[in-house]
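For the protein sequence lines, the chains are A and B, in the order given. Quick note on the numbering used here: the first sequence kicks off at 117 and runs consecutively. Quick note on the numbering used here: the second sequence kicks off at 280 and runs consecutively.
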Amino acid sequence: MIDRLLESARARVDGADALWRREEQTAVTFESGRLKSAGISEEAGLNLRVLAKGRMGVAGTTAAKPDPKELVARAAASAELGESVDLAFPAPSPQSLTPIPTFFDRTANASLAELIRMGRLLVERLARPECQVNVSVQREVADTAVGNTAGARGEYRATGIGVTAEITRIAGDDVLMIYDQYVGADLPSDADLETLVRSIETRLTAALKIVTPPDGALPVVFTPAGLAAVVLPLEQALSGKTVLQGSSPLAGKVGETLFDARLSIFDDPLTPGRPSSRPIDDECVPSRATGLVERGAVGRFVYDLETAARAKTQSTGNGRRGVFGKPHIGYTNVLLRGGDGHVTGVPLLGGGLIADIQDGLIVDDLIGVGQGNVISGAFSHPVGLAYRVQRGEVTGRVKDAAVAGNAYDLLKRIGGFGNDGRWLGSRWSPSLLLDGVSIARR
Amino acid sequence: MAFRGRRLETATVSEDQGGFVRVLNPGHGWGIASFTSLDELPAMVKRANELSNAVRLDEPIRLADVAPQTADAVLELDGDVRGVPLAEKKKLLDRYNSAMLAVSNKIVDTQSSYRDEVSEVWYVNSEGTSLYQRRPEVVVSGTAIARRNGDIEKGLESIGLRKGWNSVQGFEERFRVVAQRAVDLLAAPRVRGASYPVILDNELAGVFIHEAFGHLSEADFVYENPQAREMMTLGRRFGKPVLNVGDNGAAKGLRGTLPYDDEGTPTQDTPLIKEGILVGRLHSRETAAKLGERPTGNARAISFRHPPIVRMTNTYIAPGKKGIGFNDLISDIKLGVYACGAFGGQTMLENFSFTAGWGYMIRDGKVAELVKDVVLAGNLFQTLDRIDHIAGDFTWNQMGGGCGKGGQFPLPVTEGAPHVRIEEALIGGDV
């Protein structure tokens, strides 16, 4: 399909690249503890980008039998309006692509009955009086092919599985929701599912008692789930796009130590067994790891082909594209590391960081993350799920409190890295202890 | 089509097609298949049937009755976008984008987008309903980023209509205003975090009622959850008698308007809160049957890739008495906050957080200085109960973007409200 399309493009425009992807999903959902539905979804699509007279155009289709000529004509029409860009499609890589396991037979071959069995196991293990349990299990098999008129080609198959569990407990007007997930390329073992159950259980048990929130600038442990508000500004500011546009506060700071010297953040598409891993990006750039923050210093920004061309630098292999839009910058697996990276079995709430806290919080979920002026680093959010820590112990759940701070300032001095490092979606991180976070109560 | 700064980022035309089949066999669960290859339709019906049979249920799923409907529901195109050349669309967006950039050299970046769509939707079910619907949509949005030294502020404008090309002309001034505000916010102080009397402008009040209350009134939240059902018992007092709330999928010409929902149920105006009392909720056929209530036409899917689930359409706070204006709401406030516009909102059931686009302090009954970082946080029940005055200046706010739920985003919805006063609410900011 790709070859025919690129052939057709070669006759009409100066250069082109394309992505073809076919995805098959199977999902089962349990609502309020009972199996409710089973579904499949099949989708195939083709995305084409062309360069014509130095201008770029894009077209996409989900048609079952796309007409290459029509798609090229549509992309060429889009290029007529485009601004010029000095973009060169990468030539075939002299080395073969790094082989990484992205496809797991037993994930691809897992029967509907097996997916139902996993869901049911979670439902049974999480069942509690007065609590509603929702569970979903979703398996995906994707085939991807990329190619360009410079002769580069890439093809790979990938599997992914996502298991989510959510427990809701309503007592009067108090609503408590606790969520967790397993996401991987390989099927979870029953031990993995048990870890998920224990993680929810630990947080539920500690949440049953409601206590008054503290007030003032205090130490706060952000769990891997609670950390989003702190990491999101960095992810935006480390994108080559915001740097190019002048909106990144980290622009021009490469090599400067702006964060705690133990903190390193990587984007690593070659992490084995992750659904976001891939040997090649969606623009035919071979995958490799990028040091975003290295021992506290600003490392590299991430780029796709177009942004790199405009910024006069190289793509970092972070090109991502769907069927319809043009390629854009996307992170693959983001790994946040520091300390010794030690991980204990089933982690305690707080990742072993609360022993020295006289008064403070563990923040597991904030409401409204991603809203507002994220890239500035300033955040202010009410807590979705948070626990008070007093004299080194968790004393209960707090409600009606808000936390505020600036991500760039808070990460200058990290009080500690937890022993609870884990994947959450495509991000790996431990809990972080951050000092001087503003806590306001109502 | 999208601009970033002076540069056109993309201009594309796409064609998307596909199908969705749902099967419900007696004593079994839903079997679902979605697909892009329409040739596969008969095979997909078979697969969905097999999947339904694979899900055994002790308590069967029932659907509330809806009389079979047959109709061609063709919404007015108002200037068919398919006849307008891409170059014309580029010119229009360029004008709005340039209006923002021209405001000041402190506007360092803009993001503008134009998107139009005409969807044709065929719906049939085994009970005899057969519908053809044509749904046009057009959205123009812009973000202006202002920067001074390390400070960055933004202004947003977004217009989303279930109409066509003619309806999105002549908005230059609206884009200029948001860019100017982003510049003004650079010099504005952060609001001091505390509890204040708060006035919500029409836009923020609409977002508030959608996010904080609307989602709880979606019956799929309560229908299988006895505790939630208790919390949302019809007849429960939710606010003072000034408060009236509803959802109207049949309102004329709005972005959330549809003649029929995605289960073939006709849409309607559904009262949710009447004089402070909870009187209704939003239903699909399944949730209505389970609760012994009537379907309201609120089962919606963003595309053939997803099943219909209970969603809002055009959600509103009804206006207070005619003649009550904004000044009547603030005249007795010594120190308060006037929160305007919405950068976003999120709820976790009874807790919510809204980021206003900007705000003003209210001092001695008058609007005073511009303030930034106005985040409104609180508990739904307390906050609804603290709404003590509602103005008569109702407007629908037709924005782009849309609502997200269950992985389905963006669903076109509209919110409408007058100015609303909350006696006391927590405003985050410097704490």
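Even glycine gets a Cβ: it sits at the ideal position worked out from N, Cα and C. Just so it is clear, the structure is predicted and the values come from calculations on it, not from any experiment.
query	result
Selection from A:555, A:282, A:303, A:154 that minimises the alpha carbon distance to residue 294 of chain A	A:282
Residue 618 of chain B versus residue 707 of chain B - alpha carbon distance	12 Å
Outcome for residue 337 of chain B when other beta-carbon atoms lying within 10 angstroms are tallied against a minimum of 16	exposed
With 16 other Cβ atoms within 10 Å as the buried cut-off, status of residue 175 of chain A	buried
Those residues which DSSP pairs with residue 518 of chain A across a bridge	A:498, A:556
Cutoff 8 Å: residue 551 of chain A Cβ touching any chain B Cβ	no
Among B:608, B:657, B:688, the one whose alpha carbon lies nearest that of residue 672 of chain B	B:608
For residue 412 of chain A and residue 382 of chain A, believed in contact at Cβ under 8 Å, the rounded distance	Rounded, the Cβ-Cβ distance is 14 Å, inconsistent with contact.
6 Å Cβ shell around residue 710 of chain B - same chain, five flanking residues per side excluded	Per-residue confidence for residue 710 of chain B stands at a pLDDT of 44, beneath the threshold of 50, marking its modelled position as unreliable; the derived number appears in the next sentence. 472.
Identified DSSP bridge partners for residue 658 of chain B	B:630
The segment 617–641 of chain B: positions lying closer than 8 Å to chain A by Cβ	622, 623, 624, 625, 626, 627, 628, 629, 630, 631, 632, 633, 634
Per DSSP, cross-strand counterpart(s) of residue 533 of chain A	A:548
Within-8 Å CB hit, residue 159 of chain A to chain B	yes
Cross-chain neighbours of residue 361 of chain A in chain B, by beta carbon under 7 Å	283, 284, 388
Interface flag, residue 264 of chain A vs chain B, CB-CB below 8 Å	no
Span separating the alpha-carbon of residue 366 of chain A from that of residue 325 of chain A	42 Å
Alpha-carbon spacing of residue 523 of chain B relative to residue 221 of chain A, whole angstroms	56 Å
Proximal residues, the segment 418–429 of chain B versus chain A, C-beta separation under 8 Å	424, 426, 429
Buried versus exposed call for residue 169 of chain A [16 or more other C-beta atoms within 10 Å across all chains shown]	exposed
Continuous beta strand (DSSP E) stretch holding residue 577 of chain B: start and end	Looking at the DSSP string, residue 577 of chain B is not in any beta strand (DSSP E), and its letter there is neither H nor E.
Unbroken alpha helix (DSSP H) run spanning residue 361 of chain A, endpoints	356–361
Ordered list of beta strand (DSSP E) runs contained in the segment 125–160 of chain A, each at least 3 residues	131–147
DSSP bridge partner residues for residue 351 of chain B (one or two, in chain order)	B:411
Where residue 194 of chain A falls, given that 16 or more other Cβ within 10 Å makes a residue buried	buried
In DSSP terms, what residue 541 of chain A is bridged to	DSSP output for residue 541 of chain A lists no bridge partner at all.
Short Cβ contact (8 Å threshold) for residue 544 of chain B with residue 564 of chain B	yes
Continuous beta strand (DSSP E) stretch holding residue 288 of chain B: start and end	286–289
Those residues which DSSP pairs with residue 282 of chain B across a bridge	B:287, B:391
Below-8 Å beta-carbon distance, residue 276 of chain B vs any chain A residue	Residue 276 of chain B cannot be examined here, being either before or after the span of chain B that is shown, 280 to 710.
Contacts around residue 598 of chain B, its chain only, beta-carbon distance under 6 Å, and the 5 residues preceding and following it disregarded	671, 673, 697
Same chain, Cβ closer than 6 Å to residue 306 of chain B, neighbours up to 5 away in sequence not counted	339
Residues near residue 417 of chain A in its chain [Cβ-Cβ closer than 6 Å; skip 5 each side]	354, 356, 359
Other residues of its chain near residue 324 of chain B: CB distance less than 8 Å, five sequence neighbours each side excluded	300, 302, 312
Proximity test, Cβ basis, 8 Å: residue 297 of chain A and chain B	no
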